[in-house]
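Note that the protein sequences, when read in sequence, are chains A and B.
The letter at position 200 of the first sequence is residue 200 when you use my numbering, and the numbering goes up by one with no holes.
Whatever position you read off the second sequence (first residue = 1), add 263 for my numbering.
Just so it is clear, CB atoms sit at the ideal spot from N, CA and C, and this is done for glycine as well.
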Amino acid sequence: MKESEELLERLIAHERAAPEPEAAAVERMWTGIEGRLGGGPPPPDVQGGPPTTGGASQGAMLKIVGAVAIAGAVGAGAWAVAGGDGQPPAAKETPVAVADRGSDLEPAISPDAGVDTPGEEEGSTGALAKEEPTGSEMVETSTSDTDSLRPASRPSSPRVRPRPAESSESETFADEARLLQRIYGALKRDDVDAALRLVAEHRRRFPAGQLVQERRAVEVEALCSSGRTRQGRAKAAAFEADFPGSTHLSRVRTACDRVEPQD
Amino acid sequence: VSESASERIAVDPGTNTGMGAAARQHEDPKARLACVYRDNVGFVHRSVRRLGVPDSAVEDVVQDVFLVVARRLDEFEGRADVRTWLFAIAMRVLRHHRRTTWRHLRRKEALAHREAALPKYGEDMESRDASALLMRLLDGLDDERRAVFVLMELEGMSAPEVAEALETNPNTVYTRLRAARKHLAASARELGITKRGAA
Numbered sequence: 001m002k003e004s005e006e007l008l009e010r011l012i013a014h015e016r017a018a019p020e021p022e023a024a025a026v027e028r029m030w031t032g033i034e035g036r037l038g039g040g041p042p043p044p045d046v047q048g049g050p051p052t053t054g055g056a057s058q059g060a061m062l063k064i065v066g067a068v069a070i071a072g073a074v075g076a077g078a079w080a081v082a083g084g085d086g087q088p089p090a091a092k093e094t095p096v097a098v099a100d101r102g103s104d105l106e107p108a109i110s111p112d113a114g115v116d117t118p119g120e121e122e123g124s125t126g127a128l129a130k131e132e133p134t135g136s137e138m139v140e141t142s143t144s145d146t147d148s149l150r151p152a153s154r155p156s157s158p159r160v161r162p163r164p165a166e167s168s169e170s171e172t173f174a175d176e177a178r179l180l181q182r183i184y185g186a187l188k189r190d191d192v193d194a195a196l197r198l199v200a201e202h203r204r205r206f207p208a209g210q211l212v213q214e215r216r217a218v219e220v221e222a223l224c225s226s227g228r229t230r231q232g233r234a235k236a237a238a239f240e241a242d243f244p245g246s247t248h249l250s251r252v253r254t255a256c257d258r259v260e261p262q263d
Numbered sequence: 264v265s266e267s268a269s270e271r272i273a274v275d276p277g278t279n280t281g282m283g284a285a286a287r288q289h290e291d292p293k294a295r296l297a298c299v300y301r302d303n304v305g306f307v308h309r310s311v312r313r314l315g316v317p318d319s320a321v322e323d324v325v326q327d328v329f330l331v332v333a334r335r336l337d338e339f340e341g342r343a344d345v346r347t348w349l350f351a352i353a354m355r356v357l358r359h360h361r362r363t364t365w366r367h368l369r370r371k372e373a374l375a376h377r378e379a380a381l382p383k384y385g386e387d388m389e390s391r392d393a394s395a396l397l398m399r400l401l402d403g404l405d406d407e408r409r410a411v412f413v414l415m416e417l418e419g420m421s422a423p424e425v426a427e428a429l430e431t432n433p434n435t436v437y438t439r440l441r442a443a444r445k446h447l448a449a450s451a452r453e454l455g456i457t458k459r460g461a462a
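Set out below in structure tokens:
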């Protein structure tokens, strides 16, 4: 087992160092793009990434309009067939079926393609909560957390299926995720002091947050890259003790290896 | 005198902006696209390869991704890393091709793949062989786990970033990563790959 994991680590290290595409290939692809922009074969008709675009809003609006129109037509037809005497069909059920069919009828790829639905993946929240002691909030995670990560302009889903109401907890998760992004941003800029300040802020604001493991891993990296290797190694050991099965472990273990100690 | 492709791409030399301010400042959509292309073509190229696109189709897929980008660039609000947006587009382009043009190609390549000898693993193994070996192992993963593995382990993205790219939550990302690693380690054992070399 250990041997195959070591092998995996080596393969990952090799692949991380994979070379960029050759200049000739870069030029060739760009020439192809230019040619196709000027009237060549169009690209596949796919949605361009809901998290950062407003494109989904058009799709959502079309779906809603389509659903309402078809629901109206179906309802009127059914009422006419029944001679207008019977009860009209249940209005709240029709849009569900139509909306679902509408997404199937999209020409290429639905913007929701590949999106997890709650419970789709075994242990997507529960199993993790058992294995990773990152606080009680983790058990409560739902897709509403994901929604909170999206920009405010992202349209609400056209699904008629009832969704759990947005809670203050999802706001908290969004704040936590944003704070972690800022920590990574500071580290990317090599602003280690700012990163450590933000780590301390995260510790204070989210003592049992869902991203505690991330924060502790990034703290080790920040300490090591600032030359505080003794502290970094101590934190790394504590991390390993608390999260022995963590996917960050190899990163945490080696964080101080290539750093000149300054403490 | 006609410009070379590299000159046409280099609309804003000397900067590496991703989809930063310089790229957004260009009013000419093609210049903006060139900026995004120049800064991210490497990421898109290696991502589609790592997602399992047949070698013969990688360049076509990269072109498709950037043509979608060209069409939708105005909609990108710049609130997230452009790479997460590009990856999401790449995933969709990939799925589209899988359902259409590659069915036949993939079957042929899969057959050739099975018959091809495993690259020898060793301390002195070349990067190309290591890459081929890893891709062979990655082929055993489903798209979702493969995407998480590629973004986290190979691109070094954080769980929140990956969650954003894949429109899921960080817990699911962690679960998929753990499952992917477990699966890959088991596949390595099954294929008989050890430190001493392929069986």
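| said: I believe ALA451(B) touches LEU7(A) by the beta-carbon criterion, under 8 Å. Please report the beta-carbon distance rounded to the nearest angstrom. | reply: Counting from one through the second sequence, the residue named residue 451(B) turns up at place 188. Counting from one through the first sequence, the residue named residue 7(A) turns up at place 7. A Cβ-Cβ distance of about 5 Å is found for the pair ALA451(B) and LEU7(A), placing them in contact under the 8 Å criterion.
| Can you find a C-beta in chain B that's less than 8 Å from the C-beta of ALA177(A)? | Taking the first sequence and counting its residues from 1, one reaches residue 177(A) at position 177. At least one chain B Cβ lies under 8 Å of ALA177(A).
| said: Does the region 397-417 of chain B come into contact with the region 320-329 of chain B, if we say contact requires no fewer than three beta-carbon pairs (one atom in each stretch) closer than 8 Å? | reply: Touching, no, given that fewer than three Cβ pairs across the two stretches are closer than 8 Å.
| field | Cβ-based neighbour list, ALA351(B), same chain, cut-off 6 Å, excluding 5 preceding and 5 following | value | The residue labelled residue 351(B) in the question sits at position 88 within the second sequence. Within the same chain, ALA351(B) has close Cβ partners ALA428.
| query | Does DSSP put SER226(A) in a helix, a strand or coil? | reply | What you label residue 226(A) is simply residue 226 of the first sequence in a count that begins at 1. Coil.
| Using a Cβ-Cβ distance under 8 Å, would ALA422(B) count as near chain A? | Translated into the one-based positions of the second sequence, residue 422(B) becomes position 159. Yes - at least one Cβ of chain A is within 8 Å of the one on ALA422(B).
| message | Just checking: is the beta-carbon of GLU240(A) within a distance shorter than 8 Å of some beta-carbon in chain B? | response | As a position in the first sequence, residue 240(A) is number 240, starting the count at 1. Closer than 8 Å: no.
| message | Going by C-alpha to C-alpha distance, which of ALA353(B), TYR437(B) and GLU338(B) sits closest to SER246(A)? | response | Working through the first sequence from its first residue, we reach residue 246(A) at position 246. Ranking ALA353(B), TYR437(B) and GLU338(B) by CA distance to the CA of SER246(A) puts TYR437(B) first.
| field | Selected residue, minimal CA-CA separation from ALA449(B), among ASP344(B), ARG399(B) and GLU340(B) | value | For the purposes of this step, residue 449(B) is taken as residue 186 along the second sequence, with counting starting at 1. The shortest C-alpha separation from ALA449(B) is found at ARG399(B).
| query | Would SER4(A) count as contacting chain B if we go by Cβ distances under 8 Å? | reply | Position 4 of the first sequence, counted from the start, is the residue given in the question as residue 4(A). Cβ-Cβ to chain B under 8 Å: yes for SER4(A).
| Three-state class that DSSP yields for ARG189(A) in the structure shown | Residue numbering aside, residue 189(A) sits at position 189 when the first sequence is read from its first letter. Under the three-state reduction of DSSP output, ARG189(A) falls in the coil class, being neither helix nor strand.
| request: Determine, using beta carbons only, whether PRO244(A) comes closer than 8 Å to chain B. | output: Position 244 of the first sequence, counted from the start, is the residue given in the question as residue 244(A). With 8 Å as the cut-off, PRO244(A) does not count as an interface residue toward chain B.
| task | Could you name the residues of chain A that HIS308(B) contacts, counting a contact when the two beta carbons are closer than 9 Å? | result | Along the second sequence, read from residue 1 onward, the residue named residue 308(B) stands at position 45. Identification of chain A residues near HIS308(B) by a Cβ-Cβ cut-off of 9 Å yields GLU20, PRO21, ALA25, VAL26 and MET29, ordered along the chain.
| Helix, strand or coil for HIS14(A) per DSSP? | Taking the first residue of the first sequence as 1, we reach residue 14(A) at position 14. Here HIS14(A) carries a helix assignment [DSSP, helix/strand/coil].
| Buried or exposed: where does SER319(B) fall if 16 or more other Cβ atoms within 10 Å of its Cβ makes it buried? | The residue given as residue 319(B) occupies position 56 in the second sequence. Exposed, since its Cβ has fewer than 16 Cβ neighbours within 10 Å.
| request: Determine, using beta carbons only, whether ARG444(B) comes closer than 8 Å to chain A. | output: Here the question's residue 444(B) lines up with position 181 in the second sequence. By this cut-off, ARG444(B) is an interface position.
| Would you report the Cα separation of ARG230(A) and ARG346(B), rounded to the nearest angstrom? | Numbered from its first residue, the first sequence carries residue 230(A) at position 230. Numbered from its first residue, the second sequence carries residue 346(B) at position 83. Going from the Cα of ARG230(A) to the Cα of ARG346(B) covers about 35 Å.
| query | Going by the beta-carbon positions, is the gap between VAL218(A) and ILE183(A) smaller than 8 Å? | reply | Residue numbering aside, residue 218(A) sits at position 218 when the first sequence is read from its first letter. Residue numbering aside, residue 183(A) sits at position 183 when the first sequence is read from its first letter. Between VAL218(A) and ILE183(A), the C-beta spacing is below 8 Å.
| request: Indicate whether GLU176(A) and LEU211(A) have their beta-carbon atoms separated by less than 8 Å. | output: Looking up residue 176(A) in the first sequence gives position 176. Looking up residue 211(A) in the first sequence gives position 211. Yes. Within cutoff.
| request: Would you please verify whether the beta carbon of PRO433(B) is less than 8 Å from any beta carbon of chain C? | output: Here the protein chains are A and B, and chain C is not one of them.
| field | Same chain only: Cβ atoms within 6 Å of LEU37(A), ignoring 5 sequence neighbours per side | value | Mapped onto the first sequence, residue 37(A) falls at position 37. Cβ neighbours of LEU37(A) beyond the five flanking positions: none.
| said: So THR254(A) contacts chain B; which residues on that side make the cut at Cβ distance below 7 Å? | reply: Position 254 of the first sequence, counting from 1, holds the residue named residue 254(A). Going along chain B, no residue has its Cβ under 7 Å from THR254(A), so there is no contact; the nearest lies around 13 Å.
| For ARG178(A), does the count of other Cβ atoms within 10 angstroms reach 16, so buried, or fall short, so exposed? | Your numbering for residue 178(A) matches position 178 in the first sequence. So ARG178(A) counts as exposed.
| task | Kindly indicate if chain A contains any beta-carbon less than 8 Å away from that of GLY315(B). | result | Residue mapping note: residue 315(B) aligns to position 52 of the second sequence, counting from 1. Chain A, which has no Cβ nearer than 8 Å to the Cβ of GLY315(B), makes this no.
| request: Measure the C-alpha to C-alpha separation of VAL356(B) and ASN434(B) and round it to an integer number of angstroms. | output: Translated into the one-based positions of the second sequence, residue 356(B) becomes position 93. Translated into the one-based positions of the second sequence, residue 434(B) becomes position 171. Rounded to whole angstroms, VAL356(B) to ASN434(B) spans 26 Å at the Cα level.
| query | What residue range is occupied by the uninterrupted alpha helix (DSSP H) comprising PRO433(B)? | reply | Reading the second sequence from its first residue, position 170 is the one you call residue 433(B). PRO433(B) -> alpha helix (DSSP H) spans 433-453.
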